[in-house]
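Inspection log for the structure reproduced underneath, given as structure tokens.
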Amino acid sequence: MSEPTDTSAESIPTVVFNAAVENAAIDDRFIILCTDGDIEYAQTREEAEQVAQEMRAMREFFAGPSHETEIFEL
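Residue 1 is where the sequence shown starts when you use the UniProt record's numbering, and the numbers rise one by one after that.
If you want it as structure tokens, here you go:
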């Protein structure tokens, strides 16, 4: 399982990562996390990439590029 990494000025809080893992469904293979605390799930890498791209676009539109989005494989 992936672990949260501090690759940006604002990292994914460990408590958010742990909650996302605990709440993942049996068939979820990927967790998409944003530094603002938003959590999404996906079953395929392609779906995860698409969800992450949509999250980034929405964040940039509403809040600017200040939030990072990361994909973790379970």
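Glycine residues also receive a C-beta, built at the ideal position from the N, C-alpha and C atoms. Note that the structure is a prediction, hence the values are computed from the model and not measured.
Check: In its own chain, which residues sit with a C-beta less than 7 Å from the C-beta of A20, not counting the 5 before and 5 after it?; Outcome: I31, L33, I39
Check: What does the Cβ neighbour count give for V16, buried or exposed, with the cut at 16 atoms within 10 Å?; Outcome: buried
Check: What does a CB cutoff of less than 7 Å around A48 pick up in its chain, not counting 5 residues either side in sequence?; Outcome: F30, I32, A42, I71
Check: Contact defined as beta carbons within less than 8 Å: I believe A52 pairs with T69. What is the distance between those atoms, to the nearest angstrom?; Outcome: 5 Å
Check: With a CB to CB cut of under 7 Å and the five nearest residues on each side skipped, what residues in its chain are close to R45?; Outcome: F30
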